[in-house]
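Undergrad: Quick one: the structure is below, and I'll ask about it shortly.
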Amino acid sequence: MSEESSDVHQLEPARFFEQVHSFEFWFEAVEGYLHGLDHGHRAETPEAVLAPDERERLITVLCNYCVGETAALEGAGGLVQIAPNRASKIFLSTQTVDEGRHLEVLVNRLRELGVADPEVEIASRATPALLEFKRRLLALVRERDWLAALFAQNVILEAMEFTVFQAHARSADPRTREVLQGIVKDERRHLGFGENELGRRLAAQPGAASRLAAVRRELDPLVLGSFRDTLLRIGGRREEGADLAEHYRAAVTRLGFA
Amino acid sequence: MSAQDPLRETPADEGGAPRRRFLLDDRGFDEVPPRYRRFYRRWAGAGDQLAPNEALCPVCKVVVRSTRELRPGDRLYCMACMSRLLVVSGQDGRLEATVVY
């Protein structure tokens, strides 16, 4: 391949768009950072010895990550049906696979921490606000509201997870860190897809921005509050709580309905 | 050779100064197919500095790299988050990337 033809910035926009939405691109991308891992971490990564209260806090946090990832899995699968074009459907099929993997590695992490029945544990430790967010997200998907559902899932939820998982990875035990770092790499694609697709749609339907602002007002508190609690639980600083909102607000500002 | 090493100068665009060219090395950015990895690197935080051929993706905060010195109006792509970017002059005069939907 010539230097010119492999220069990504020389691609025509349509060619770039087609390529990054493809299953082929996804496969080559994830192969780079998932190959050789065992449930999201290297097999040889040691299990840290956690104090009982640290372990309890980590289990509660991971249970809530599982709720978020279950929402994302069911949401992405549902969005495939209402996506407006084939490129988006194909991309969302890769996102659905990503979300399934996230849920699996997080459940496995719970088992590694000694949780005998992750399903029961997740149900008992789930934050009510996050469960309500999941209910609202899936309702938007069922109502076939592409813009609102995509905003809820790929902007609100993905932006929060992206920030919280990065913050948590910085202070986490080695295995949890590797699991979270792998998930963050997937989240980059998901939040980018959401913002870019919404940006294109809003350019064509500027009136939709006010409706999305209303969705935002309804859903923001559910996710923001839940993830702020998570940040504090994992020992995050108050400034990181501000960072959490900042990253998300920056995306909303770029989209024009801050 | 690192991104900071100009390879050669190219003819000036639209009457401006010649652009420096850069050979890109693989900085271990593993989130895109191997043939595109040299175009990206991770942002290392507060102490990090962008080279004249680099811009920070505003969407996902990955450093996007080009084989040539950047100028306002240049198009870049962030493959990590699938964003199309435009290089502009920021308020402080420094170049920055904005997302183009």
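So the sequences go chain by chain: A and B.
Under our numbering, think of the first position of the first sequence as 7, with each following residue one higher.
Under our numbering, think of the first position of the second sequence as 15, with each following residue one higher.
Built from N, CA and C at the ideal position, the CB exists for glycine as well.
Go through its chain and collect everything with a Cβ distance to Ile128 of chain A's Cβ below 7 Å, but skip five positions before and after it.
TA: Translated into the one-based positions of the first sequence, residue 128 of chain A becomes position 122. Cβ within range, chain order: Cys69, Cys72 and Val73.
Undergrad: Can a CB atom of chain B be found closer than 8 Å to the CB of His108 of chain A?
TA: Here residue 108 of chain A refers to the residue found at position 102 when the first sequence is read from its first residue. Cβ-Cβ to chain B under 8 Å: no for His108 of chain A.
Undergrad: Under three-state DSSP, which class holds Phe263 of chain A?
TA: In the first sequence, counting from the first residue as 1, residue 263 of chain A sits at position 257. Three-state result, Phe263 of chain A: coil.
Undergrad: Does Ala209 of chain A pass the burial test, meaning 16 or more other C-beta atoms within 10 Å, or should it be called exposed?
TA: On the first sequence, position 203 is the one that residue 209 of chain A refers to. Classification for Ala209 of chain A: exposed.
Undergrad: For the beta strand (DSSP E) containing Leu204 of chain A, list its first residue and its last residue.
TA: Locating residue 204 of chain A in the first sequence gives position 198, where the first residue counts as 1. Not the beta strand (DSSP E): Leu204 of chain A falls in the alpha helix (DSSP H), residues Pro180 to Ala210.
Undergrad: Looking at Asp13 of chain A: is its Cβ nearer than 8 Å to the Cβ of Thr112 of chain B?
TA: What you label residue 13 of chain A is simply residue 7 of the first sequence in a count that begins at 1. What you label residue 112 of chain B is simply residue 98 of the second sequence in a count that begins at 1. Contact: no.
Undergrad: Let's test the definition: count the other Cβ atoms within 10 Å of the Cβ of Leu59 of chain A and tell me whether it reaches 16, buried, or not, exposed.
TA: The residue given as residue 59 of chain A occupies position 53 in the first sequence. The residue you asked about is not Leu; residue 59 of chain A is Asp in the sequence shown. It counts as exposed.
Undergrad: What does Val229 of chain A reach in chain B if we use C-beta pairs closer than 7 Å?
TA: Counting from 1 along the first sequence, the entry for residue 229 of chain A is found at position 223. Here the premise fails: no neighbours, minimum Cβ distance about 19 Å.
Undergrad: Given that Ser12 of chain A touches chain B, what residues does it touch there, using C-beta distances under 8 Å?
TA: Residue 12 of chain A sits at position 6 when you count from the first residue of the first sequence. Those are Arg49 and Tyr50, listed as they occur along chain B.
Undergrad: Ser103 of chain B lies in the beta strand (DSSP E); which residues open and close that run?
TA: Start at 1 with the first residue of the second sequence, and residue 103 of chain B comes out as number 89. Per DSSP, Ser103 of chain B belongs to the beta strand (DSSP E) from Ser97 to Ser103.
Undergrad: Mind checking which residues open and close the beta strand (DSSP E) that includes Leu56 of chain A?
TA: For the purposes of this step, residue 56 of chain A is identified with residue 50 of the first sequence, where counting begins at 1. Segment: none, Leu56 of chain A is in no beta strand (DSSP E) and carries neither H nor E.
Undergrad: Name, in chain order, the residues that DSSP records as bridge partners for Val78 of chain B.
TA: Taking the first residue of the second sequence as position 1, residue 78 of chain B is located at position 64. Looking at the DSSP assignment, Val78 of chain B forms a beta bridge with B:Tyr54 and B:Ala69.
Undergrad: Going by the beta-carbon positions, is the gap between Glu53 of chain A and Glu110 of chain A smaller than 8 Å?
TA: Counting from 1 along the first sequence, the entry for residue 53 of chain A is found at position 47. Counting from 1 along the first sequence, the entry for residue 110 of chain A is found at position 104. For Glu53 of chain A and Glu110 of chain A, no; Cβs fall outside 8 Å.
Undergrad: Which whole-angstrom value is the C-beta distance of Arg35 of chain B and Arg55 of chain B, which I expect to be below 8 Å?
TA: Numbered from its first residue, the second sequence carries residue 35 of chain B at position 21. Numbered from its first residue, the second sequence carries residue 55 of chain B at position 41. Not really, about 18 Å apart at Cβ, beyond 8 Å.
Undergrad: Please name the residue, chosen from B:Glu110, B:Cys71 and B:Cys74, that lies closest to Gly87 of chain B on a Cα-to-Cα basis.
TA: In the second sequence, residue 87 of chain B corresponds to position 73, counting from 1. That would be B:Glu110, whose Cα lies nearest to the Cα of Gly87 of chain B.
Undergrad: Give me, in chain order, the residues of the same chain whose beta-carbon lies closer than 6 Å to that of Asp19 of chain B; leave out the 5 immediate sequence neighbours on both sides.
TA: In the second sequence, the residue the question calls residue 19 of chain B occupies position 5. Its pLDDT being 37, under 50, Asp19 of chain B is placed unreliably in this model, and the value from its coordinates should be taken loosely. So no residue of the chain qualifies.
Undergrad: Using beta carbons (cut-off 8 Å, strictly below), is Phe29 of chain A in contact with chain B?
TA: By one-based count along the first sequence, residue 29 of chain A stands at place 23. It does not: the Cβ of Phe29 of chain A has no partner Cβ on chain B nearer than 8 Å.
Undergrad: Rounded to the nearest angstrom, what separates Ala155 of chain A and Leu38 of chain B at their Cα positions?
TA: Stepping through the first sequence from its first residue, residue 155 of chain A is reached at position 149. Stepping through the second sequence from its first residue, residue 38 of chain B is reached at position 24. Between Ala155 of chain A and Leu38 of chain B, the C-alpha separation is close to 39 Å.
Undergrad: Measure the CB-CB distance between Thr102 of chain A and Ala77 of chain A and report whether it falls below 8 Å.
TA: In the first sequence, counting from the first residue as 1, residue 102 of chain A sits at position 96. In the first sequence, counting from the first residue as 1, residue 77 of chain A sits at position 71. Not closer than 8 Å, so no.
Undergrad: In terms of residues, what are the limits of the beta strand (DSSP E) holding Leu90 of chain B?
TA: Counting from 1 along the second sequence, the entry for residue 90 of chain B is found at position 76. Note, Leu90 of chain B: beta strand (DSSP E), Arg89 to Cys92.
Undergrad: When the cut-off is 8 Å and only beta carbons count, does His15 of chain A lie next to chain D?
TA: Protein chains in the displayed structure are A and B, and chain D is not among them.
Undergrad: Along the chain, where does the beta strand (DSSP E) that runs through Glu111 of chain B open and close?
TA: To locate residue 111 of chain B, count along the second sequence from 1; it is residue 97. According to the sequence as given, residue 111 of chain B is Ala; it is not Glu. From DSSP, the beta strand (DSSP E) with Ala111 of chain B extends over Leu109 to Val114.
Undergrad: At what residues does the beta strand (DSSP E) containing Phe119 of chain B begin and finish?
TA: Residue 119 of chain B falls outside the range modelled here, since chain B spans only 15 to 115, and no answer is possible.
Undergrad: Going along chain B, which residues have a C-beta under 7 Å from Pro19 of chain A?
TA: Working through the first sequence from its first residue, we reach residue 19 of chain A at position 13. The answer, in chain order, is Arg98.
Undergrad: Does the distance from the C-beta atom of Ala220 of chain A to that of Leu153 of chain A stay below 8 Å?
TA: In the first sequence, counting from the first residue as 1, residue 220 of chain A sits at position 214. In the first sequence, counting from the first residue as 1, residue 153 of chain A sits at position 147. No, these two residues do not count as a Cβ contact at 8 Å.
Undergrad: Quick one: is Asn202 of chain A near chain B, going by C-beta distance under 8 Å?
TA: Stepping through the first sequence from its first residue, residue 202 of chain A is reached at position 196. For Asn202 of chain A, the answer is yes, since a Cβ of chain B falls inside 8 Å of its Cβ.
Undergrad: What residues match up with Asp44 of chain A in a beta bridge as DSSP calls it?
TA: For the purposes of this step, residue 44 of chain A is identified with residue 38 of the first sequence, where counting begins at 1. DSSP, once it has assigned bridges, lists A:His47 as partnering Asp44 of chain A.
Undergrad: If you measure between the beta carbons of Gly198 of chain A and Val161 of chain A, is that distance less than 8 Å?
TA: Here residue 198 of chain A corresponds to residue number 192 of the first sequence, with the count starting at 1. Here residue 161 of chain A corresponds to residue number 155 of the first sequence, with the count starting at 1. Going by C-beta atoms, Gly198 of chain A is not nearer than 8 Å to Val161 of chain A.
Undergrad: Pairing CB atoms from the stretch 163 to 180 of chain A with CB atoms from the stretch 220 to 237 of chain A, are three or more of them under 8 Å?
TA: Cβ pair count under 8 Å is three or more, so yes.
Undergrad: How about the stretch 231 to 241 of chain A and the stretch 121 to 138 of chain A: do they share at least three Cβ pairs that are nearer than 8 Å?
TA: Touching, yes.
Undergrad: Check whether the Cβ atoms of Ala93 of chain A and His196 of chain A lie closer than 8 Å to each other.
TA: The residue given as residue 93 of chain A occupies position 87 in the first sequence. The residue given as residue 196 of chain A occupies position 190 in the first sequence. No. Outside cutoff.
Undergrad: Starting from the Cα of Ile65 of chain A, find the closest Cα among A:Arg194, A:Val147, A:Asp123 and A:Gly84 and give me that residue.
TA: One-based indexing of the first sequence puts residue 65 of chain A at position 59. Checked all of A:Arg194, A:Val147, A:Asp123 and A:Gly84; the closest Cα to Ile65 of chain A is A:Asp123.
Undergrad: Would you mind telling me which residues of chain A sit closer than 9 Å to Ala69 of chain B, beta carbon to beta carbon, in chain order?
TA: Stepping through the second sequence from its first residue, residue 69 of chain B is reached at position 55. By Cβ distance, chain A contributes nothing, its closest Cβ being about 11 Å from Ala69 of chain B, past 9 Å.
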